[in-house]
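Colleague:
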Amino acid sequence: MDTGLEEGPDIEQFTLHLRKGRAEPYYFVTLVGLKSQDPIELKKQVEKGLSYTALVRFQRNVAISLRQVAELVSMSLRTLTRRKEQGRLQPEESDRLLRASRIFAQALQLFEGDAESARRWLTSPQVALGGERPFDMIKTDIGAREVESLIGRLEHGIPA
Numbered sequence: 000m001d002t003g004l005e006e007g008p009d010i011e012q013f014t015l016h017l018r019k020g021r022a023e024p025y026y027f028v029t030l031v032g033l034k035s036q037d038p039i040e041l042k043k044q045v046e047k048g049l050s051y052t053a054l055v056r057f058q059r060n061v062a063i064s065l066r067q068v069a070e071l072v073s074m075s076l077r078t079l080t081r082r083k084e085q086g087r088l089q090p091e092e093s094d095r096l097l098r099a100s101r102i103f104a105q106a107l108q109l110f111e112g113d114a115e116s117a118r119r120w121l122t123s124p125q126v127a128l129g130g131e132r133p134f135d136m137i138k139t140d141i142g143a144r145e146v147e148s149l150i151g152r153l154e155h156g157i158p159a
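As numbered in numbering that gives the first Met the number 0, residues 0 to 159 make up the sequence shown, in order.
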C-alpha cells in the first residue's frame, strides 16, 4: 500500500540538496517523508490527514522531542497518543505540521544547511518577534508569516 511517504531523504540529504541550490518550492515536504511536491496532491493529503509517521519523521529530522512537535501542531500529549493509535493526524494538525516543516526548511536555507543553527534560532527568543521564539509564533498563520518575513529580511541583510 502506498502511504505517500518515502524512505528518504533524511536531514543530511535535505541540507545537501539545499547547499547545491536545488530547493524547489515544496521540497520542504520531504522533511515529513512525503513524495509528492505537487500542491494539489499535498492539499488532498492534508485534507485526508497525514499519517502519524509523518509527524515522527519530522521529529526525527528536526531533532526535537515529540512533546515539542505536539506543541508546534497545537496538540496535547494525550491527543498525540490517540493519533499514534489511530495512525493519522487530523487535517488541521497536518496543515500545522507542514507549516512547521516549511519554516524549518526556510531556517535551514537561512543558515546555509546548518541544522543545529537553524534549530537553535527557531527555539530562541528573537527581538524582532517581540521576544517570542519562532517555533512559538508558527502555531498560527499570522505568526508563521511574521517568522517567514523575518527570515526573508535576514537572508537579504535587512536589519530585523
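Don't be surprised by glycine CBs; every beta carbon is placed ideally from N, CA and C.
Grab me the residues of residue 56's own chain with a C-beta within less than 6 Å of its C-beta, minus the 5 sequence neighbours each way, in chain order.
Modeller: Counting only Cβ-Cβ distances below 6 Å, and skipping sequence neighbours, we find 31, 32.
Colleague: Just to confirm my understanding: we take residue 145, look at its own chain, exclude 5 residues before and 5 after, and list those with CB closer than 8 Å. What are they?
Modeller: Contacts found: 128, 136.
Colleague: Would you check if there are 3 or more beta carbon pairs closer than 8 Å linking the segment 61-80 to the segment 90-108?
Modeller: In short, these stretches touch, since the Cβ pair count reaches three.
Colleague: Quick check: residue 110 and residue 122, are their CB atoms within less than 7 Å of each other?
Modeller: No, the Cβ-Cβ distance between residue 110 and residue 122 is not below 7 Å.
Colleague: Could you tell me which uninterrupted alpha helix (DSSP H) segments, each at least 4 residues in length, are contained entirely in the segment 31-108, listed from first to last along the chain?
Modeller: If we require 4 residues or more, the alpha helix (DSSP H) runs fully inside the segment 31-108 come out as 38-47, 51-61, 65-71, 76-85.
Colleague: Over what stretch of residues does the alpha helix (DSSP H) that includes residue 153 continue unbroken?
Modeller: 140-154 is the extent of the alpha helix (DSSP H) around residue 153.
Colleague: Kindly give me the distance between the Cβ atoms of residue 14 and residue 143, rounded to whole angstroms, as I take these residues to be in contact under 8 Å.
Modeller: The pair is not a contact, with the Cβ atoms about 22 Å apart (cut-off 8 Å).
Colleague: Buried or exposed, going by whether 16 or more other CB atoms sit within 10 Å of the CB of residue 61?
Modeller: Buried: at least 16 other Cβ atoms inside 10 Å.
Colleague: So what does DSSP say about residue 131, is it helix, strand or coil?
Modeller: In this structure, residue 131 counts as strand in the three-state DSSP scheme.
Colleague: Throw me the rounded Cβ distance for the residue 117 and residue 106 pair, which I believe falls under 8 Å.
Modeller: That pair is a contact at about 4 Å.
Colleague: How about residue 97 and residue 54: do their beta carbons lie closer than 7 Å?
Modeller: Cβ distance not < 7 Å, so residue 97 and residue 54 don't count as in contact.
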